[in-house]
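Asks:
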Amino acid sequence: MDLILKNARLADRPGEELLDIAVDHGRIAAIGRDLAGEAREQYDAGGRLVCGGLVETHIHLDKSRIAGRCPPPEGRRVNPVTMTAPLKKDFTVEDVRQRAEATLRECLVNGTTRMRTQLEIDPAVELRSFEAVRSLARDYSWAIDLEICVFPQDGMTNYPGTEELLVAALKQGAPVLGAAPRYDSDPAAQIERVFALAREFDVDLDLHLDVGDDPKQMHIYQVLDLTERYNRGGRVVAGHMAKLSLLPPAEVAALARRLADAGIAVTVLPATDLYLMGRERDHGVVRGVADANLLAANGVTCSLSSNNVLNAATPFGDCNLVRMANLHANVVQIASPEELRALFGMLTDRSARLLNLKDYGLAVGNPADLVVIDAETPEQAIAEIRPPLAVWKRGRRTVVRHLPELLDTA
Ligand SMILES: [Zn+2]
6 MDLILKNARL ADRPGEELLD IAVDHGRIAA IGRDLAGEAR EQYDAGGRLV
56 CGGLVETHIH LDKSRIAGRC PPPEGRRVNP VTMTAPLKKD FTVEDVRQRA
106 EATLRECLVN GTTRMRTQLE IDPAVELRSF EAVRSLARDY SWAIDLEICV
156 FPQDGMTNYP GTEELLVAAL KQGAPVLGAA PRYDSDPAAQ IERVFALARE
206 FDVDLDLHLD VGDDPKQMHI YQVLDLTERY NRGGRVVAGH MAKLSLLPPA
256 EVAALARRLA DAGIAVTVLP ATDLYLMGRE RDHGVVRGVA DANLLAANGV
306 TCSLSSNNVL NAATPFGDCN LVRMANLHAN VVQIASPEEL RALFGMLTDR
356 SARLLNLKDY GLAVGNPADL VVIDAETPEQ AIAEIRPPLA VWKRGRRTVV
406 RHLPELLDTA
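Per our numbering, residue 6 is the first one in the sequence shown, and the count goes up by one each step.
1. When the distance is taken between beta carbons, is residue 33 closer than 7 Å to residue 347?
2. Kindly indicate the opening and closing residues of the beta strand (DSSP E) around residue 61.
3. Check whether the Cβ of residue 123 lies closer than 6 Å to any heavy atom of ligand 1, and answer yes or no.
4. Keeping to the same chain, check which residues put their C-beta closer than 6 Å to that of residue 85; ignore five residues upstream and five downstream.
5. Could you tell me whether any non-hydrogen atom of ligand 1 is closer than 6 Å to the CB of residue 312?
6. Can you give the beta carbon distance from residue 353 to residue 57, rounded, assuming they're within the 8 Å contact cut?
7. Buried or exposed: residue 392, going by 16 or more other Cβ atoms within 10 Å of its Cβ?
8. Check whether the Cβ atoms of residue 62 and residue 310 lie closer than 7 Å to each other.
9. Count the other CB atoms, across all protein chains shown, that sit within 10 Å of the CB of residue 143; report buried if there are 16 or more and exposed otherwise.
10. Let me check understanding here. Comparing Cα to Cα, which of 82, 134 and 81 lies closest to residue 106?
11. On a CA-only basis, which of 203, 157, 160 and 138 is nearest residue 176? Give me that one, please.
12. Does the Cβ of residue 349 have 16 or more other Cβ atoms within 10 Å, making it buried, or fewer, making it exposed?
13. Could you tell me how far apart the beta carbons of residue 54 and residue 119 are, in whole angstroms, since I believe they sit closer than 8 Å?
14. Under 6 Å Cβ to Cβ from residue 38, same chain only, skipping five residues before and after it: list those, please.
15. For the 8 Å Cβ check, are there 3 or more pairs between the segment 329-347 and the segment 141-159?
16. Three Cβ pairs or more, each shorter than 8 Å: is that satisfied between the segment 187-198 and the segment 207-217?
17. Measuring CB atoms only, is the segment 274-294 touching the segment 325-343, in the sense that at least three cross pairs come out at less than 8 Å?
18. Does the separation of the CB atoms of residue 154 and residue 67 fall below 7 Å?
19. Just grab the DSSP bridge partners of residue 395 for me.
20. Quick check: the Cα distance between residue 163 and residue 224, rounded to an integer number of angstroms?
21. How should residue 321 be labelled, buried or exposed, when 16 other C-beta atoms within 10 angstroms of its C-beta is the threshold for buried?
22. Beta-carbon within less than 7 Å of residue 386's beta-carbon, same chain only, minus the 5 sequence neighbours each way: which residues are those?
23. If you compare alpha carbons, which of 245, 51, 50 and 25 is closest to residue 41?
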């Protein structure tokens, strides 16, 4: 056997007694009490929380770590896209690879074992970021399953050559197509086009959607319509949905039920939305973060993710998903154990569902992607931002972390 993990408090059944997990040939072979046998590694979790590897559903590895290259914002208005676009012609494969790798390694030490990264393709950067991140995915397959979503950040219908490059990436096997209609001169045409391409290449869709200050102008209704028309239910994700924070809860709940019925999932990206929303005001600034719990309570498959790290759209970030959930709880002002537990699911099981992963979680037969977190319950992990202490990918240890110790010299 690869591993026997003793005395685990399973995150998906935290009220139950402590259990052991046995791993053989990279997969969970048994979950039960007093498991024994010869194993390459024995680990005593000592009653700590054990969950499936954390799932990062939306991050931009390719443009992470460029905050220092961006011009400083002038005044309160910030347009991260126009701040970044001029830099992209100078992105080399090596440069993207180096920055993406540094960010990926931060994600790994924070317990992430599966990831979907957004990746920009256009005539300025061509396929260089795609090449860089694909090589990264190959080289780090021992630690993470990394899936690429290609998308046009700087517009598609107004940027000749972009669609051809996206098609080239899809032909080379990119499994997911994204969009950023807000930055297209014809947002509705971009959305229509990516749905047509998704059908043509039979790929999932993961769209940046509905950021801004006017909730009367929302593209989600067009996406609802197209999801039905193109029969893409279960294969469409809307990222951000920040405008939902500007609507009364009853309206959000009604829309959420429509999304759930249509099979459209939502990724909430608290860090970027907090940084960018409400900049038209200089006081009483809106928080601009969609309430993931409210969406989930109305049936939507939701995840929480990091999005931008150290760039013009979010000049912060440590790739710690547990901290992201804590941030979300602060912003939407929730604190009950049930709500915090639901947020933990949006870093694990629910995120896996959003990415259509069929082999995720603490069940016999699944790949043994496991994390021990220094907490007793999911809600404690989020309330106190408790760290992961050990991580396994397919039963092989990838991360060890030690808690800081106080040198008590009194
Ligand atoms: Zn994004």
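Heads up, the beta-carbon is just placed ideally off N, CA and C, and yes, glycines get one too.
Replies: On the basis of the coordinates in this document:
1. In terms of Cβ geometry, residue 347 and residue 33 do not form a close pair [threshold 7 Å].
2. Note, residue 61: beta strand (DSSP E), 59-64.
3. Yes, the beta carbon of residue 123 sits closer than 6 Å to at least one heavy atom of ligand 1.
4. These residues qualify, in order along the chain: 317 and 318.
5. Flag set: Cβ of residue 312 near ligand 1.
6. Cβ atoms of residue 353 and residue 57 come within 8 Å of each other, at about 5 Å.
7. In summary, residue 392 is buried, with 16 or more beta-carbon neighbours lying within 10 Å of its beta-carbon over all protein chains present.
8. Contact flag set, yes.
9. Only exposed fits residue 143, as fewer than 16 other CB atoms lie within 10 angstroms of its CB.
10. Checked all of 82, 134 and 81; the closest Cα to residue 106 is 134.
11. Looking at the Cα atoms, 203 is the closest of the given residues.
12. Counting of Cβ neighbours within 10 angstroms places residue 349 among the buried residues, the total reaching 16 or more.
13. Not quite, the Cβ-Cβ distance comes to about 18 Å (not below 8 Å), so this is no contact.
14. Result list for residue 38: empty, nothing under 6 Å.
15. With a cut-off of 8 Å, the segment 141-159 and the segment 329-347 do not count as touching, because too few Cβ pairs lie within range.
16. Contact between the segment 187-198 and the segment 207-217 is present, because at least three Cβ pairs lie under 8 Å.
17. Counting Cβ pairs under 8 Å, three or more are found: they touch.
18. With respect to the 7 Å criterion, residue 154 and residue 67 are not classified as neighbours on the basis of their beta carbons.
19. Secondary-structure assignment with DSSP links residue 395 through a beta bridge to 377 and 405.
20. Cα to Cα, residue 163 sits roughly 18 Å from residue 224.
21. Burial state of residue 321 is exposed, judged by a 10 Å Cβ sphere holding fewer than 16 other Cβ atoms.
22. Excluding sequence neighbours, residue 386 sits near 54, 327, 349, 378 and 380.
23. Residue 41 has its Cα closest to that of 25, out of 245, 51, 50 and 25.
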